[in-house]
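Engineer: Using our numbering, you'd call the opening residue of the sequence shown number 28 and step up by one each time.
One structure coming up, written as C-alpha cells, with questions to follow.
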Amino acid sequence: MDEMYKRVLLKISGEILRNQQTGEVIDDNVLLFICKEIKQVHDLGVDIGLVVGGGNIFRGQSGAMKGIERSTGDFMGMLSTMINSMAIADCFSKLGVDCRIQNSLPLKEVGEPFTRWKTLHHFERKRVVIFSGGTGNPYFSTDTAAALRANEIGADIILKATKVDGIYDKDPKKFPESTKYHRIGYLDALNQHLNVMDSTAFSLCMDNHTKILVFDLHTPGNIKRAVCREPIGTLVC
Numbered sequence: 028m029d030e031m032y033k034r035v036l037l038k039i040s041g042e043i044l045r046n047q048q049t050g051e052v053i054d055d056n057v058l059l060f061i062c063k064e065i066k067q068v069h070d071l072g073v074d075i076g077l078v079v080g081g082g083n084i085f086r087g088q089s090g091a092m093k094g095i096e097r098s099t100g101d102f103m104g105m106l107s108t109m110i111n112s113m114a115i116a117d118c119f120s121k122l123g124v125d126c127r128i129q130n131s132l133p134l135k136e137v138g139e140p141f142t143r144w145k146t147l148h149h150f151e152r153k154r155v156v157i158f159s160g161g162t163g164n165p166y167f168s169t170d171t172a173a174a175l176r177a178n179e180i181g182a183d184i185i186l187k188a189t190k191v192d193g194i195y196d197k198d199p200k201k202f203p204e205s206t207k208y209h210r211i212g213y214l215d216a217l218n219q220h221l222n223v224m225d226s227t228a229f230s231l232c233m234d235n236h237t238k239i240l241v242f243d244l245h246t247p248g249n250i251k252r253a254v255c256r257e258p259i260g261t262l263v264c
C-alpha cells in the first residue's frame, strides 16, 4: 500500500448534514458520524483542514432566484458555513478532538481570522482546522474556498466527500449502464463536463496540480481509506 497522505483538505457539502426525511437543518446523528470518521484520521497524525458548505441552511444562488441580490445571498451562505463550522467544532470538542475555526469574515467570537502561518502552527499542535466563511467574497463557492485553502496550506490532496461513490460518465441514477471512472485527468474531466467542481475551483486545482478524490462519505471508514490511498472513489489528477 502507498504511504498515506500527510496533509489533506476535506470538503464536505452542507447538504450532507441535513436530515432528508425531517428537513432538520443539522442531523445530530450525521454530525456525530462525520466527526467520528474525521477523528479516526486525526488519530493517525494526519493534518486535516476542513471546509464545509452551507447549503443545508442557505445557498446564495437559490436566494438570487427568489429575488435576493446575489452578493447579499452569497454572504448569507457564508454565514451558513459558519453555523455548520460551529456545530462541527462543538462535536469535535465532545469527542476530545482539539480544533480551531478560521474565518474568512471577521467574527472573532466564532473563530480567528485565516492566516497560513497560524494554520501551520495549529497543525504542529495536532489540531484540526475548520475553514469557515467560504472565500469571504461573493460569487465564489465553497468548492473554490476548498481549492484555495488546499493550495495555501500545501495539502497533498482535496478529499471531496459526497453522496456518490465517484465520478461517472453519465448520471448513474438515470443511466444504470453508466461507467465509473477510477482515475481521470483534469482536461478529460473538463472536456466531458463531468462537473467535479465548479469551473473556478476546478481551474485552480488544475493550474496548481492539486489532486482531487471524489468519494462516498456515507460508507463508514471511507475517509480513512481515502487518506491511506486505498482504491475508492475517483481520483482526478
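Ideal Cβ positions, reconstructed from N, Cα and C, are used throughout, including at glycine.
Buried or exposed: residue 28, going by 16 or more other Cβ atoms within 10 Å of its Cβ?
Structural biologist: With a pLDDT of only 48 at residue 28, under 50, the local geometry of the prediction cannot be trusted, and the value read off the model is given with reservation. The residue in question, residue 28, is exposed, as its Cβ has fewer than 16 Cβ neighbours within 10 Å.
Engineer: Flag this pair as touching only if the stretch 43-63 and the stretch 196-212 have three or more C-beta atom pairs under 8 Å; answer yes or no.
Structural biologist: no
Engineer: Of the residues 264, 258, 208, 86, which one's Cα is nearest the Cα of residue 168?
Structural biologist: 86
Engineer: Terminal residues of the continuous alpha helix (DSSP H) containing residue 115?
Structural biologist: 97-122
Engineer: To the nearest angstrom, report how far apart residue 106 and residue 160 are at their CA atoms.
Structural biologist: The alpha-carbon atoms of residue 106 and residue 160 are separated by roughly 6 Å.
Engineer: Go ahead and label residue 193 buried or exposed: buried means 16 or more other beta carbons lie within 10 angstroms of its beta carbon, across all protein chains shown.
Structural biologist: Looking at its Cβ environment, which holds 16 or more other Cβ atoms inside 10 Å, residue 193 is buried.
Engineer: Quick check on residue 28: does DSSP put it in helix, strand or coil?
Structural biologist: Caution is warranted here: a pLDDT of 48 is assigned to residue 28, below 50, making its placement in the model unreliable, and the coordinate value is therefore given only provisionally. Of the three classes helix, strand and coil, the one that applies to residue 28 here is coil, per DSSP.
Engineer: For residue 285, is the classification buried or exposed, using 16 other Cβ atoms within 10 angstroms of its Cβ as the cut-off for buried?
Structural biologist: Nothing can be reported for residue 285, as the shown portion of the chain is limited to 28 through 264.
Engineer: At the level of alpha carbons, what is the spacing between residue 145 and residue 32?
Structural biologist: 21 Å
Engineer: Roughly how many angstroms separate the alpha carbons of residue 103 and residue 183, rounded to a whole number?
Structural biologist: 31 Å
Engineer: Considering only the beta carbon of each residue, do residue 176 and residue 72 sit closer than 8 Å?
Structural biologist: no
Engineer: Going by DSSP, name the residue or residues bridged to residue 126.
Structural biologist: 155
Engineer: Since I believe residue 239 is in contact with residue 263 (beta carbons under 8 Å), could you give me their beta-carbon distance rounded to a whole number of angstroms?
Structural biologist: Right, the Cβ-Cβ distance comes to about 4 Å (below 8 Å), so this counts as a contact.
Engineer: So, are the CB atoms of residue 261 and residue 209 less than 8 Å apart?
Structural biologist: yes
Engineer: Within a Cβ cutoff of 6 Å, which residues of the same chain sit near residue 125, ignoring the five residues on either side of it in sequence?
Structural biologist: If we look at residue 125 and ignore the five residues flanking it on each side, its Cβ neighbours are 154.
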